[in-house]
Amino acid sequence: MIRRLNDIDRIFGTMDFFKNQMNRFLEDFESGRGNLSQGGVWPPTNFYDDGDHILVYSELPGVNEEEINIKLHNNMLTIKGERRENTPEGYAILRQERNVASFSRSFTLPVEIDPEKTSASLKNGILAVKLVKVQTAKPKKIVVQAA
Amino acid sequence: MSTEREMTKPAQDAPEVLKPGKINTPDVDIFVNDDEILLVADLPGVAKEDMSINLENNTLTIEAAYSASFTGTCQRREFDAKDYRRVFTLPKGINVEKTAAEFSNGVLYLHLPKSSAVKPYQIKVKSL
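Respectively, the protein sequence lines represent chains C and U.
So in the numbering used here, spot 16 of the first sequence is number 16, and the numbers just go up one at a time.
To get the numbering used here, take the position in the second sequence, counting from 1, and add 1000.
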């Protein structure tokens, strides 16, 4: 009987293992990280909307500001650039996970943007692009009047 | 002597701990030459002050608090503002006192010098 309990325990242990592996895989998938993103979608980019602006944030660690090229054309935002050769001279590689050299991503923006007022900044490896919506695209408050 | 070999062991028996869940695992590159092991880690969204690197009993722990903040409502999310943590077991023969770290543009460069005992020593051949 005790042996059988041990067997059951072991089966559950194995199931737990697979469950954890699956969770990890799904997490990687949802966050756009992990093996699926290798050489694929980079940099990971978040979009925020605060009413008047669209804020675009990209994770660009190890990229200098002069190596980033941002273009806005017909409501299409393109972030392009290069991460410098990162294998230091005279070293052998033991592990390489950060292997993105050049990157390019394009996004179609949902609203019209004033290209003159666009600004971008880079801090601690995060690029922030601030896009100002044109007046007609901003949300309007409608006041309800008592009849 | 076997520094390189110890670090290139396949992932199954490597003592590195990856913690899934509420924590980001930074991507790392590890390089080695005769003098040191160089660990390069991507830590976007982290300020220099919010990073802690601990070396204890051959266990290297890199932890960093996420400090970048975002305004507005999120419309599309591909990365999370989560803290970073990753643990490595270092091979023997690291000169702990001489360890140096640099941080720029969200990338950490950690220099782990080898102690002289594990550095390769060139024997010169003299002609008679």
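Note that the Cβ used here is the ideal one computed from N, Cα and C, for glycine as well.
Everything numeric in this text was worked out from a predicted model, so none of it was measured.
Endpoints, the beta strand (DSSP E) within which U:F1070 is located: Segment: none, U:F1070 is in no beta strand (DSSP E) and carries neither H nor E.
Using only the alpha-carbon positions, how far apart do U:S1002 and U:S1067 sit? For U:S1002, the predicted structure reports a pLDDT of 48, less than 50, and the residue's modelled location is therefore unreliable. A value from the coordinates is still provided. Rounded to whole angstroms, U:S1002 and U:S1067 show a C-alpha spacing of 39 Å.
Note down, in chain order, each residue of its chain lying with its Cβ closer than 6 Å to the Cβ of C:R105, except the 5 sequence neighbours on either side. I79, listed in sequence order.
Any beta carbon from chain A within less than 9 Å of C:N64's own beta carbon? Going by chain labels, chain A is absent from the structure shown, which instead holds the protein chains C and U.
Taking all protein chains shown into account, do 16 or more other C-beta atoms lie within 10 angstroms of the C-beta of C:V144, making it buried, or fewer, making it exposed? A residue is called buried when at least 16 other Cβ atoms come within 10 angstroms of its Cβ; C:V144 does not meet this threshold and is exposed.
Are the C-beta atoms of C:V41 and some chain U residue less than 9 Å apart? It does; some Cβ of chain U falls within 9 Å.
In angstroms, rounded to a whole number, what distance separates the CA positions of C:M15 and C:G51? Cα to Cα, C:M15 sits roughly 47 Å from C:G51.
Flag U:T1073 as yes if its beta-carbon sits less than 9 Å from any beta-carbon of chain C, otherwise no. Against chain C, the CB of U:T1073 has a partner CB under 9 Å away; the residue lies at that interface.
Beta-carbon within less than 8 Å of U:F1070's beta-carbon, same chain only, minus the 5 sequence neighbours each way: which residues are those? In the same chain as U:F1070, and ignoring 5 residues on each side of it, the C-beta atoms closer than 8 Å to its own belong to A1081, in chain order.
6 Å CB neighbourhood of C:K71 in its chain, flanking five on each side removed: Excluding sequence neighbours, C:K71 sits near T78.
Any Cβ of chain C within less than 9 Å of the Cβ of U:E1078? Cβ-Cβ to chain C under 9 Å: yes for U:E1078.
Are the C-beta atoms of C:K141 and some chain U residue less than 9 Å apart? Chain U, which has no Cβ nearer than 9 Å to the Cβ of C:K141, makes this no.
Starting from U:A1047, follow the beta strand (DSSP E) in both directions and report where the run begins and ends. Where U:A1047 is concerned, the enclosing beta strand (DSSP E) stretches over V1046 to E1056.
Does any CB atom of chain C fall closer than 9 Å to the CB of U:S1067? Output row for U:S1067: interface = yes.
Measuring straight from C-alpha to C-alpha, what distance separates U:Q1122 and U:D1034? Approximately 11 Å between the Cα atoms of the pair.
Using beta carbons (cut-off 9 Å, strictly below), is C:E116 in contact with chain U? Judged by the 9 Å Cβ criterion, C:E116 is not in contact with chain U.
For U:A1117, which residues in the same chain have their Cβ closer than 8 Å to its Cβ, ignoring the five residues on either side in sequence? Short of 8 Å from the beta carbon of U:A1117, and not among the five residues preceding or following it, lie these beta carbons of its own chain, in chain order: G1093.
Is the region 1031-1049 of chain U touching the region 1092-1112 of chain U, taking contact as three or more C-beta pairs under 8 Å? At 8 Å Cβ cutoff, the stretches touch.
C:G125 - DSSP class collapsed to helix/strand/coil: If DSSP states are grouped into helix, strand and coil, C:G125 belongs with coil.
Once you ignore the five residues that flank U:L1086 on each side, which residues in its own chain have a CB closer than 6 Å to its CB? Before going further, note that residue 1086 of chain U is Arg rather than Leu in the sequence given. Same-chain partners within the cutoff: T1025, P1026 and I1062.
For C:P148 and U:E1049, I'd like the C-alpha separation in whole angstroms. The structure shown does not extend to residue 148 of chain C, since chain C is modelled only from 1 through 147, so no value can be given for it.
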